[in-house]
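Colleague: Below are the structure tokens for one structure; questions will follow.
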Amino acid sequence: MNRFDYIRPNSVSEAVAAAAVPGSSYLAGGTNLLDLMKAGTARPERIVDITRLPGLDRIEWLPDGGARIGALVRNSDLAYDERFARTFPAIAEALLSGASAQLRNAATVGGNLMQRTRCAYFHDMASACNRRAPGSGCDARDGENRLHAVLGWSEKCIATHPSDFCVPLVTLDAVVEVQGLHGAREIPIDLLHVLPGATPERETGLSPGELIVGLRLPAEAAGFSRNARYLKLRERTSYAFAVVSAAAALEIEDGAIRRARIALGGVAAKPWRARTAEASLEGQRPSPQAFAIAADLALAEARPSGDNAFKIELARRIVVRALSLALEGTPEVMPALPASPFAITSGANHAA
Ligand code: SF4
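Here the sequence shown stands for residues 0 to 351, where the numbers follow numbering that gives the first Met the number 0.
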């Protein structure tokens with residue numbers, strides 16, 4: 000057994016000071032960290048338990064119509080908050096498509112952003128993995144890699160980011176609120192996760208000890224509530240990570256697309272915003288042809304990193320389907336298992 004110190008701070012500043020010591024890890028819901036510790040992939044010398052920090056478990060509505068979500072809000076509480084689900088339906092849909100009900104009840108918003116890749120070689124201590132042990136190699140390159148990245152990967156690492164939640168957050172320009180030793184700062188969520196390049200061990204733009212304290216959704220994001228969806232393709236209908244996923248949001252005015260937002264999940268080491276594809280749609284009348292062109296643009300730079308060329312075509316198709324469903328309008332009741340043809344039961348009511 001690995002020994003570690005356990006610290007339970009009373010304030011954010013105490014937590015940040017404690018976690019700035021090298022070898023520290025924050026503990027919130029623990030749904031990812033404890034698995035990593037059991038496998039030996041993570042061996043923190045110091046656990047900083049933030050679960051009892053005051054004021055981080057609230058959903059607040061801002062005067063301009065935006066929302067602020069504390070980092071300790073549980074995934075289920077956020078997905079089933081009526082006003083939140085009505086205002087940001089694609090985010091609720093993404094949350095409900097993740098993990099299992101039990102995990103969603105325990106997992107926190109901040110922890111979801113910080114979860115590690117599910118690359119099997121990263122979790123297997125007998126395998127070479129540049130992300131876990133820099134310079135050791137990447138056994139995924141010649142191994143079982145059909146679910147690995149097709150965008151933004153490098154020769155050092157071809158892993159994907161596993162979050163569903165982050166995909167619609169990226170489409171809606173969420174802002175991450177961070178507290179560190181030198182004060183508070185904000186990071187656009189699209190810049191929180193970084194591509195592997197030559198340093199795959201660096202997964203986010205956070206500095207040592209920095210703590211995510213909240214997440215803000217700008218008021219403009221609410222303008223997509225009528226036409227927004229998150230779709231997820233996976234190898235079984237629940238409790239599985241995305242093979243590919245897509246969030247699509249449209250703002251329609253006088254029959255034309257005024258604003259479009261598209262992001263992909265399961266294709267890169269970060270949620271992948273498709274800005275060129277979005278730009279191709281703006282000002283256009285929605286049509287299957289326009290959606291197909293947008294999907295081609297979204298995947299224009301994609302290339303297989305192994306036995307996974309099929310993901311490129313799959314991702315193209317899910318972009319078209321997410322846009323088509325977004326155009327149909329956000330349903331009053333989201334399916335319990337989004338994107339599943341087997342879903343026959345009702346899910347969360349987003350029109351209450
Ligand atoms: Fe490690 Fe990345 Fe290679 Fe997976 S793909 S083994 S996480 S370096």
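Think of the CB as a built atom: it goes at the ideal place given N, C-alpha and C, for glycine as much as any other residue.
Are the beta-carbon atoms of Y229 and A93 separated by less than 8 Å?
Modeller: yes
Colleague: Tell me which same chain residues have a C-beta within less than 8 Å of the C-beta of D4, skipping the five on either side of it?
Modeller: E44, R45, I46
Colleague: Please state whether the Cβ-Cβ distance between V367 and P270 is less than 8 Å.
Modeller: The structure shown does not extend to residue 367, since the chain is modelled only from 0 to 351, so the question has no answer here.
Colleague: Per DSSP, what kind of secondary structure is G69 in: helix, strand or coil?
Modeller: strand
Colleague: Just to confirm before moving on: does the CB-CB distance between G208 and G182 stay below 8 Å?
Modeller: no
Colleague: Please classify N1 as buried or exposed, where buried requires at least 16 other C-beta atoms within 10 Å of its C-beta.
Modeller: exposed
Colleague: Among S24, T116, I49, S279, which residue has its Cα nearest to the Cα of F240?
Modeller: T116
Colleague: Using the Cα positions of G222 and R260, report the straight-line distance between them to the nearest angstrom.
Modeller: 11 Å
Colleague: Hey, A262 and T203: beta-carbon distance below 8 Å or not?
Modeller: no
Colleague: Going by DSSP in three states, V11 sits in which element: helix, strand or coil?
Modeller: Residue state, collapsed to three classes: helix.
Colleague: Assuming F290 contacts S244 (C-beta within less than 8 Å), just tell me the rounded distance between them.
Modeller: 17 Å between Cβ atoms; not a contact.
Colleague: Assuming V177 and L205 are in contact, meaning their beta carbons sit under 8 Å apart, how far apart are those beta carbons, in whole angstroms?
Modeller: 7 Å
Colleague: Below 8 Å on the Cβ atoms is my contact criterion, and I expect A220 with A325 to pass it. Report the Cβ-Cβ distance as a whole number of Å.
Modeller: About 14 Å; that fails the 8 Å criterion.
Colleague: Any heavy atom of the ligand SF4 closer than 7 Å to the beta-carbon of N129?
Modeller: Checking the Cβ of N129 against the ligand SF4 gives yes.
Colleague: Excluding the 5 residues flanking R131 on each side, which residues of the same chain have their C-beta closer than 7 Å to its C-beta?
Modeller: T40, F121
Colleague: With which residues is P187 paired in a DSSP beta bridge?
Modeller: V174
Colleague: Can you name the start and end residues of the beta strand (DSSP E) that D34 belongs to?
Modeller: D34 -> not in any beta strand (DSSP E); alpha helix (DSSP H) instead, spanning 32 to 38.
Colleague: Taking the alpha helix (DSSP H) that A325 falls in, what are its first and last residues?
Modeller: 309 to 327
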